[in-house]
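Here's the structure, in C-alpha cells; my notes come after.
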C-alpha cells in the first residue's frame with residue numbers, strides 16, 4: 001500500500017496521498033476488498049473532491065454520504081450502473097470506518113433514470129466553431145452533420161448512420177428527415193441548420209449514407225468514436241439531443257408534436273427536461289393561461 005501511485009499522475013496527489021492511504025489502511029482490515037481496489041477507487045474519489053470540487057481535506061467532508069452520493073451519481077455519467085454501484089459500496093465501507101458519524105441522509109437511488117444536461121447557447125456557438133475548424137474536409141462535414149442531426153433534429157447516434165441523401169427532403173416549408181429502422185418517423189430540421197444541410201447534400205454521393213461508411217458496426221458508439229479523433233472541445237451526442245428537446249420545450253412546441261418527432265409513445269423524461277425550462281413570471285403566467293384555448 002505504501003508504494004501505490006495512481007496510473008495517471010495528478011499535481012494534487014502529493015497533498016492527498018497520506019490522507020488516502022491512511023483511510024484505506026484503516027478500512028482494509030474491516031472490508032472484503034483488496035488494498036489495491038480500495039486505493040484505486042478511493043484515490044480517484046479523493047482527487048475529484050479536492051481538485052474538482054475544492055473541498056477541504058477532512059474525513060468528515062470527503063467521506064460524507066453527501067460527497068459519495070454526488071460522486072457516484074454525477075461524476076462520469078458514462079459509467080455503467082453496476083460500476084457506480086460498486087464504487088458506492090466501496091466508498092461507503094471506507095466512510096463507515098473513518099467517518100462513522102457522517103451517515104444521516106438517504107442516498108439518491110441509482111435506479112433513477114437520468115438525462116443528459118443540455119448545452120447552453122454559448123456552448124453551442126463554440127461547437128459550431130469546433131465543427132468548421134476541423135483539420136480535414138471529411139471531419140468538418142461529419143462534425144457539421146453531427147450538430148445538424150442531433151441538435152437540429154434530435155437524432156440518436158444509432159439514427160445518424162442510417163440517413164441517406166434521399167431521406168432528406170428540401171421544399172418550400174424547410175427540410176425534413178425520414179428516419180427508418182425500428183423507430184420510423186419524419187423529423188423537421190430546425191431552420192438554423194438548413195444552410196449546413198443543403199451544403200452537405202451537395203457534396204455527398206447518393207448511394208451511401210450521408211455520414212459515409214462507418215468504421216465500426218456499433219451504431220450507438222458512432223458519434224463518440226468520431227469525436228475522440230477531432231480537435232478542440234468536443235460535444236456529446238446525447239447532450240446535443242437533450243439541447244434540442246429543451247429548446248423546443250422552451251419555445252412552446254406542443255408536447256404531442258415533440259413526441260412525434262422523437263418517435264415515442266411515452267415521454268417519461270419530460271419532468272427532468274422541464275427542470276431546464278424557466279417558469280414564467282406571474283403576469284406572463286396569467287396571460288398565457290387566460291388566452292383562448294379552443295382551436
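Numbering (the UniProt record's numbering), first residue to last: 1 to 295.
A virtual CB, placed ideally from N, CA and C, is assigned to each residue, including glycine.
Collapsed DSSP secondary structure at residue 39 in the structure displayed: helix
Span of the beta strand (DSSP E), counted from its first residue to its last, around residue 169: 168–171
Candidates 46, 33 and 96, of which the one nearest residue 13 by Cα: 46
Reference residue 161, options 101, 131 and 226, closest by Cα: 226
Residues near residue 209 in its chain [Cβ-Cβ closer than 7 Å; skip 5 each side]: 161, 162, 163 and 164
Whole runs of the alpha helix (DSSP H) within the segment 223–260, excluding any shorter than 4 residues: 237–251
CA-to-CA distance, residue 250 to residue 280, given in whole angstroms: 11 Å
Pairwise C-alpha distance: residue 4 and residue 269: 43 Å
Separation of residue 156 from residue 120, as counted between CA atoms: 19 Å
Residue 188: first and last residue of the uninterrupted beta strand (DSSP E) it sits in: 185–188
Assumed close pair residue 97, residue 21 - CB separation to whole angstroms, cut-off 8 Å: About 14 Å separates the two Cβ atoms, so there is no contact after all.
Residue burial classification, residue 88 (beta-carbon count within 10 angstroms, cutoff 16): buried
Cut-off 6 Å between Cβ atoms - residues of its own chain near residue 186, not counting five sequence neighbours on either side: 176 and 178
Cα-Cα separation, residue 237 to residue 66: 29 Å
First and last residue of the uninterrupted alpha helix (DSSP H) at residue 162: That residue, residue 162, is in no alpha helix (DSSP H); it is neither H nor E in DSSP.
Sequence-distant residues of the same chain with beta carbon closer than 6 Å to residue 144, five excluded per side: 131 and 196
Cβ-Cβ separation, residue 170 to residue 198 (assumed contact under 8 Å), whole Å: 6 Å
Residue burial classification, residue 217 (beta-carbon count within 10 angstroms, cutoff 16): Note on residue 217: pLDDT 49, under 50, position unreliable in the model; no value is reported.
Per-residue DSSP class, three states only, for residue 217: Any answer about residue 217 is weak, because its pLDDT of 49 lies below 50 and its placement is not dependable; what the coordinates show is given next. In this structure, residue 217 counts as coil in the three-state DSSP scheme.
Whether residue 134 touches residue 230 by CB criterion (8 Å): yes
Residue 233 vs residue 122 beta-carbon contact at 8 Å: no
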